[in-house]
Amino acid sequence: MMWFDLALGLGLIIAAIGVFRSEDLFRAVVLFVTFGILLALTWLRLQAPDLALAEAAIGAGITGVLLLDTLGVFRQHEQDINPRSSSQLPDISRQWAANVLALIACISAAGLLAWSLFNTLKMPAPHHNLVTVVEANIAYSGVSHGITAVLLNFRSYDTLLEVAVLLVAIVIGIGLRERVTTSANATSDEGQSKLSEPPALLTSLVRLLLPLLLITAIFVLWAGSTRPGGAFQAGALIAAAGVLARLGQIDIAARVTTILRLGLTLGVFIFLIVAVSPMLTGKPFLTYPAGWEGTLILLIEFMLTISIGLILLSLFIQAPRPRIPAPVRNAIPATGPNAETNKGGDQ
Amino acid sequence: MIPLLLIIPLVFALLSVLLPRLPIKAIAIPGLVLQLIASIQLSVHTYKHGASDYALGSWEAPLGIALHANGFTVTLLTLTAFIAIVCAVYALIYLKRYEHEQRYFWPLFWFLLASLNGIWLSGDLFNLYVGLELLTFSAVGMVALTANKASLQAAIRYLFAALLGSLGYLAGVALLYGQYGTLSIQEIALISTSDAPTQVALALMTVGLLMKTAIFPLHYWLPPAHGGALAPVSALLSALVVKASFYILAVLWLQLAPDAISPAAAQVLGALGAGAILWGSWCAFRQPDIKMLVAYSTVAQLGYLMFVFPLSIGTSAAAAELAWQGTVLHLLAHAFAKAAMFLSVGTLVLAIGHQGIKDLAGVSHRVPLALFSFGLSAVSLMGLPPSGGFNAKWLLLQSALSSGQWWWFIFILGGGLLTAAYVFRVFSVSFIEEARHKFAPTHWLLDVSALTLAAAAILLGFVSQWPLTLMELVPGVQS
Amino acid sequence: MNAWLPVAVLGTSLIASLIIFLVPDAKQRLRSTLNITAALVKIGLVAWMVFGIYQQELFETRFTLVPGIDFVLRADSLSMLFAGLSSVLWLFTTIYAIGYLEGSPHRSRFFGFFSLCVASTMGISLAGNLFTFLIFFEMLTLSTYPLVVHRGTQASLTAGRTYLRYTLGGGAMLLLGVVLLYSYAGPQVGEFAETGTLRAATSLDPRTLAAIFVVLIIGVGVKAAFVPFHGWLPVAMVAPAPVSALLHAVAVVKAGAFGIIRIVYNVYGIEFSAQIGVLLPLGILAAITIIWGSMQALRQMELKKRLAYSTVSQVSYIALGVALFGPIGSIGGLVHLLHQGIMKVTLFFAAGNYAETLGIHRIDELDGVGKRMPGTSLAFTIGALGMIGLPPTAGFISKWYLGIGALEAGMAWALGVLVLSSALNAAYFLPILYRLWFKPVRGAWPDEQIPAARFETDPWLLFPTLATMAFTIAAGLLASHPWSPLTWATLISVREYLP
Amino acid sequence: MTLWLEAFNTDFWYAIVGAVLLVLALGAFITSRQLIKKLLAFNIMGSGVFLIMVGLAQYQHGPDSVPQALVLTGIVVAVAATALALVLIRKFVLKGGQP
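Protein chains in written order, with our numbering: chain A, 1 to 347; chain B, 1001 to 1479; chain C, 2001 to 2499; chain D, 3001 to 3099.
As structure tokens, this is what we get:
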């Protein structure tokens, strides 16, 4: 299998170079998704099936969808406004400086990393070994799958903050989106529905795929406690289902209602409640009561799945899009080359 | 007690996401008071009983994540709570004219506080990474709030710089985990050596954190982000957010693996700091826009923080202690002063309706309190007595002398004069009689909050002993 | 109580300043009452302390600012000399400023900073160690800047910039010197003590200490307007007349001179300074400044400019007295700190009266003013004669002691400097006096603002002028009185020199 | 050289691949002028870091669920970062900025 690894590693590098070198953005994104699939394979080779699943669903899947959608929006936008004629001329000296800077950065980073890795080879295994520690404690964690134990019990604090990170992203997402809808509710909806006039085949395919995806998601979630899977992967599947549903003209999570907000925050909310409640009995924050670990972890994971799915989906749906009607052109402020100096923060 | 400082902001963050239209904004103030009380109580506890650890989820490090409260962290926690409360009061008034923005300001504000508290307390390398990302995202979101082209561009630039910095940091974490098999800072500090992977890891993390701290020449993202944001946002960003990555840097260099650091590397960081002072001041001097002037002033002032490394690594214990004390004081004084400055400038801009320095003509008569706050904070920034900034500079100068590094002397002393050069541009315009614009009346609470922070910067000059006494409780720092 | 008195003295003007900032511009009566009350209370407190010092009481406030360094306010005989001068002159300057500025805009701002400025001056006089001195020294810079640029014209803004460039630079030098001294010799040497603290530090390298001395003297020398650091002083003349009076007689220039006294007497100690050989260079620097300032004054045709250069010259008498190693010379220098203050304030008040009443700014416009404004002109005459050093004015006493001191110290050249400078003083003051009293009026006044009524000008302007004139004569006539400045200076001098 | 070969294994190989990706992506991040390209470079750089994290740790002591869990967190943070960046970029472009 050594050759396979060699080929896979080189494949990763080549795909990455392909992404960097392609002039066309669409091509770059496609190559990037390819890179993600290769990476998922790599995780399998590294005996990390959870990561393979996550990479395929999130790294390649959701990221790819978001990127492609963005390119679509750009294309649409370019048709709306005439592309700038000559302002795109690259600033030669700046580009040159960036190249030199990149060269220096690359060489020093490469040198440092090479030196470090080379020295690692000569060194004995480290003093600490968390593998054994995890093994010794997994029985008390309430789950039998190591990664889930780490994510939702040993280092559940990381996970709490991580979901908060997702939440921040979507808060900014709706923050930037909503202004458009409040100012022009009707036109915006029109713009979105124009996006989705799918062929009949797609619609029926979506209807077929949707339940399948949801069932898979639930399975992946439930599997998490004993084998690869868990809230994040399941959440990504839910999001994927949602994206499909959007394409199939099923209108979900389009408006930012209180129910949607509840869905977005549900995961963290339940997580926090479960985490805080032991403090009432004098136990530290984030401790599970003895005997209840498995149940509570499953509860949290279930809620997290819903929230993560909704967040990822909303990040797709609520991302800014151009409004189709003509007035758009007027809404775009005239910006000159010195727009940068005009910090219009709070005039 | 310790996790309360995480729970309070998270709960309020969730509430403000859930109920953006309810008067959750007004509830924010009691919440902040609660947070301030909690942090003061923790400070008192630390003062009486020394540093304490808290095993989250009852899992001890290295398996679990430990929170660690020592003299330095409780100082920072209290600072955060205090500045947050004043900025919140300011924001409550200031954001009234930003109907849409304020619905998203408050959740981001609370997430920002949660991440700051998390970073001050965390004793785990990877957890710090997640905390940094949470911090970055909320900060970027706040910069982008107004959603005009300039602020979006600034936010994107900020986000990319911060992401690059985080990856540098994370790469270092990866190497350190490979090397030591644990992520706990205390555990690594016990066994750290000066081998290649450790040094490379530190180098990568350092570059990443310098990027996030906006240390010259990696500061390019800071001025548009801090200068273009809404006034309370700028205040929070300059006073607290950039300090978080500096805090991690200081922990890495002085606590995690002091053996792996060579004095030469420390000199390099010092040189960057000196460059920051010169370049930042020069740019501030040339800005036509007052908010950009203050933003560039942040670039310059952050340079002083870098002097802790050459002054405390490879020098005598006495010099190191002085450097450490001076740096902590500078951090505090700059936080107060810069927040006050951004808030007072916000009020001035609000009153005039323009943000060019030339437009400030006549403000000394018509917006005197805001200008007075600006003046008080400028005193501290210039390092003139009596102020926290002066005491900080004094300690740094003494440290430079007693470690025989006279060359830092020039920059520490000269930096104050350069600061005066750009700050007095504002004053000299403000004394001109004829106003260029009509003045709009401003709410008195805006003035009071700016004045509170400015007064704190000055008062710090008289009570410097307090934070410094707490500082002696930090293990791993020579005292 | 004794621990709180220095704080109270400082607080009277500090609190007054903060309240005045908040008083609306239109409430003139309230502001004036506050101003004058604060000034009177301060004089009372200072008098109390002077009395206490006389009875060997200790007034000290002390707390730790940063590790190893204390904030100290302490009253000793030297600080009382300066505090007495400042508090008395503050009262008169305030009264004068009320007459001068009421009616013009931004009065609250002006009087707020005015009080802040005096608070800094009190801090300088009461500072018990170099660190505290430095704090108030810088505070003085900041609080005088708004006064210099008060008018907000282009000229005053430019002057403000120049002023800052010099004083902040000087402040940085002083900071450098203080840090150097504290690091090299330990913070305990910064404590001001009679006969100096460094005397005991025998293990230290005298050359290093001399170098630090140079840095310190440059630091305070900028404010004392030593040549070549005097450039800010004539420029700062654009400020309103009471500010000029304050800058020249009480606050800024004096703070510099006072700093020199503190450093030489209370840090290095006069004996030790002589030992490491820094007194002679200081004396030469002072002598150069005296001569050069006088020569420049001769060339000025604007009255305030001429007075400004006269200040450059006169303040260095103090430094010269300090540099003369011997008790008599010290007495001369110390007493001149006071005498120059009251004489110069008189001159500036008079110049202000001319400008405010008749719009006179240039010397050639002064022809015959003596008949139109006899009181002011008399005050000007007395002040000018004092500057020249004629008896029975205060100036005579200073110069007499300085001269004898020079001989006693064996520095006969200093006597030559004194004689030459007196001649120059006469050369630039006597023509003015001639114009005032003996030349006929040249037609209409340039810009008559206040017509002659019961008094020749606004009584708020006239009476302070006459009062300080009276002091000028009294200090000379009653020099041997037990409460005279001379007696007090003698007391300090006696305590400074080792038995 | 023998030392190298003895110690070398699959995990280490992928750590090296990760390092190479990191370096290449760093260069691409700095040089590329398009925001989307920068974003792609950031993602690939992140993947490189993740590979180092898992590869290096597992090279030392076999399959290790801790770094895997960390990387899972990292992937989620990365997708959040990407989504956030895309929201900002889209809004920026809609306001007339250059992608």
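Just so it is clear, CB atoms sit at the ideal spot from N, CA and C, and this is done for glycine as well.
Residues of chain A with a CB under 8 Å from the CB of residue i: which are they?
| i | result |
| --- | --- |
| residue 1195/B | 119 and 123 |
List the whole-angstrom C-beta distance separating residue i from residue j, where the pair is believed to meet the contact cut-off of C-beta under 8 Å.
| i | j | result |
| --- | --- | --- |
| residue 1171/B | residue 1204/B | 5 Å |
| residue 1218/B | residue 1173/B | Incorrect: roughly 19 Å between the Cβ atoms, too far for contact. |
| residue 1208/B | residue 1167/B | 7 Å |
Say whether chain A places a C-beta atom closer than 8 Å to the C-beta of residue i.
| i | result |
| --- | --- |
| residue 3049/D | no |
| residue 1077/B | no |
| residue 1452/B | no |
Can a CB atom of chain B be found closer than 8 Å to the CB of residue i?
| i | result |
| --- | --- |
| residue 3095/D | yes |
| residue 3085/D | yes |
| residue 2012/C | no |
| residue 36/A | no |
| residue 91/A | no |
| residue 3075/D | no |
| residue 127/A | yes |
Below 8 Å on C-beta distance, what does residue i contact in chain B?
| i | result |
| --- | --- |
| residue 3052/D | 1171, 1174, 1175 and 1178 |
| residue 3092/D | 1149, 1152, 1153 and 1156 |
| residue 115/A | 1196 and 1200 |
| residue 2064/C | 1465 |
If you drop the 5 nearest sequence neighbours on each side, which residues of the same chain put their C-beta closer than 6 Å to that of residue i?
| i | result |
| --- | --- |
| residue 2332/C | 2321, 2398, 2401, 2402 and 2405 |
| residue 1323/B | 1308, 1311, 1312 and 1399 |
| residue 1452/B | 1086 |
| residue 2219/C | 2170, 2173, 2174 and 2177 |
| residue 163/A | 267 and 268 |
| residue 2025/C | 2107 and 2108 |
| residue 2263/C | 2216 |
For a contact meaning CB atoms closer than 7 Å, what does residue i contact in chain B?
| i | result |
| --- | --- |
| residue 3038/D | 1160 |
| residue 2115/C | Simply none; closest approach about 15 Å. |
Using the beta-carbon of each residue, which ones in chain B are nearer than 9 Å to residue i?
| i | result |
| --- | --- |
| residue 2361/C | Per Cβ cutoff of 9 Å: no residues; residue 2361/C is ~21 Å from chain B at best. |
| residue 3062/D | Going along chain B, no residue has its Cβ under 9 Å from residue 3062/D, so there is no contact; the nearest lies around 12 Å. |
Which bits of chain D does residue i rub up against, with CB to CB less than 9 Å?
| i | result |
| --- | --- |
| residue 258/A | Neighbours of residue 258/A on chain D: none; closest Cβ ~22 Å, over 9 Å. |
Excluding the 5 residues preceding and the 5 following residue i in the sequence, name in chain order all residues of the same chain whose CB lies nearer than 7 Å to its CB.
| i | result |
| --- | --- |
| residue 2385/C | 2393 |
| residue 2065/C | 2071 |
| residue 1342/B | 1231, 1234, 1235, 1238 and 1294 |
| residue 3032/D | 3038 and 3041 |
| residue 2490/C | 2331 |
| residue 2492/C | 2077, 2078, 2081 and 2334 |
Between residue i and chain D, is any beta-carbon pair separated by less than 8 Å?
| i | result |
| --- | --- |
| residue 232/A | yes |
| residue 352/A | No statement about residue 352/A is possible, as the shown extent of chain A runs from 1 to 347 and does not include it. |
| residue 348/A | This structure gives no information on residue 348/A, because the portion of chain A shown stretches from 1 to 347. |
With a cut-off of 8 Å, does the C-beta of residue i fall near any C-beta of chain C?
| i | result |
| --- | --- |
| residue 1395/B | yes |
| residue 1365/B | yes |
Leaving out five residues before and five after residue i in sequence, what residues of the same chain have Cβ atoms less than 8 Å from its Cβ?
| i | result |
| --- | --- |
| residue 284/A | 278 |
Using the beta-carbon of each residue, which ones in chain D are nearer than 7 Å to residue i?
| i | result |
| --- | --- |
| residue 1163/B | 3042 and 3081 |
| residue 224/A | The premise fails here: residue 224/A is roughly 11 Å from chain D at the closest Cβ pair, so nothing lies under 7 Å. |
* Anything in the segment 39 to 72 of chain A with a Cβ closer than 9 Å to a Cβ of chain D? List those residues in chain order, please. => 39, 42, 43, 45, 46, 47, 48, 50, 51, 54, 55, 58, 59, 62, 63, 66, 67, 69, 70 and 71
* Given a limit of 8 Å on CB to CB distance, which residues of the segment 1424 to 1446 of chain B reach chain C? -> 1424, 1427, 1428, 1431, 1432 and 1433
* To do: Please name the residues in the segment 2169 to 2180 of chain C whose beta-carbon is closer than 8 Å to at least one beta-carbon of chain B, in chain order.
  => 2169, 2171, 2172, 2175, 2176, 2179 and 2180
* **Members of the segment 3015 to 3035 of chain D that neighbour chain B once the beta carbon cut-off is set at 7 Å** => 3022, 3029 and 3035
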